[in-house]
Ligand code: E4P
């Protein structure tokens, strides 16, 4: 399974690449968070050079997803070309994120854009995927990735059930007796998406997105997702276990001077 880091914060991207992550996903909200942090730090925001740094920090063969901002296909295509032409030259790693469907004039704008981008050979990450059918449509249009948003499905199901929750809380894969047109959890969405694309031998890779905790990453891996895009705090959470910490402390205490001397 590939791990992408789900952030636009350069420091987090650097850290994630240092521990072997395979790529980066951003979206306009994550870019906003990074820009707000820069501004709060009194720094100038030069978006062109900031995105350049993201692409260079990720480096070759580590895909960086950058999202379009318009809702009409013609504009999305133009923006995708801009993103690709401006930034792919640096490390050959730009993938353009296109929402599968938009709430604008027609619901087909994203798919129309994907179709055009396939002809232009610009790689696409189909985003805001909430059903396996949406993913199948994007797969047929040659999307490099589809991103089912696991956590947001869980949020929706909990809200529908009237459950008060914290987004980072574990949500059971088997659901809570509430479904969204047959999808019982975010991981169920990921599992069904993976299975359907596999049925038809599609090359499109599934990115389990909107992941909120380490256990959800585990379940996405069990479901066969090709990629998990993981927020920085969840990557950290994944490294931890109290018995690991306890073992490290105990071993540190037992180091005899004779053994330590080897390293002098
Ligand atoms: C990544 O591609 C998505 O944009 C991201 O995982 C969304 O996460 P969120 O639902 O926590 O905002």
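Numbering (my numbering), first residue to last: 3 to 266.
Ideal Cβ positions, reconstructed from N, Cα and C, are used throughout, including at glycine.
Helix, strand or coil at residue i according to DSSP, with G and I counted as helix
i, result
"residue 13", "helix"
"residue 147", "strand"
"residue 258", "coil"
"residue 206", "coil"
"residue 130", "strand"
"residue 247", "helix"
"residue 230", "strand"
"residue 211", "strand"
"residue 161", "helix"
"residue 81", "helix"
"residue 53", "helix"
"residue 37", "helix"
"residue 196", "helix"
"residue 318", "The structure shown does not extend to residue 318, since the chain is modelled only from 3 to 266, so the question has no answer here."
"residue 267", "The question about residue 267 has no answer here: the residues shown for the chain are numbered 3 through 266."
"residue 112", "helix"
Residue i versus residue j - alpha carbon distance
i, j, result
"residue 199", "residue 176", "21 Å"
"residue 66", "residue 187", "27 Å"
"residue 68", "residue 262", "48 Å"
"residue 80", "residue 144", "19 Å"
"residue 257", "residue 243", "22 Å"
"residue 43", "residue 22", "28 Å"
"residue 92", "residue 13", "19 Å"
"residue 223", "residue 179", "24 Å"
"residue 85", "residue 207", "21 Å"
"residue 96", "residue 71", "16 Å"
"residue 8", "residue 19", "12 Å"
"residue 15", "residue 3", "18 Å"
"residue 27", "residue 39", "18 Å"
"residue 247", "residue 126", "41 Å"
"residue 108", "residue 59", "37 Å"
"residue 122", "residue 196", "26 Å"
"residue 113", "residue 128", "9 Å"
"residue 266", "residue 259", "11 Å"
"residue 76", "residue 111", "8 Å"
"residue 35", "residue 249", "37 Å"
"residue 205", "residue 228", "11 Å"
"residue 238", "residue 232", "10 Å"
"residue 159", "residue 253", "45 Å"
Contact test: residue i Cβ vs the ligand E4P heavy atom, cutoff 7 Å
i, result
"residue 64", "no"
"residue 235", "no"
"residue 181", "no"
"residue 151", "yes"
"residue 154", "yes"
"residue 256", "no"
"residue 8", "yes"
"residue 18", "no"
"residue 46", "no"
"residue 216", "no"
"residue 2", "This structure does not reach residue 2, given that the chain is present from 3 up to 266, and the question cannot be answered."
"residue 72", "no"
"residue 195", "no"
"residue 206", "no"
"residue 75", "no"
"residue 222", "no"
"residue 278", "The question about residue 278 has no answer, for the chain in this structure spans 3 to 266."
"residue 161", "no"
"residue 133", "no"
"residue 187", "no"
"residue 104", "no"
Residue i - partner residues in DSSP beta bridges
i, result
"residue 27", "8, 67"
"residue 182", "185"
"residue 99", "69, 127"
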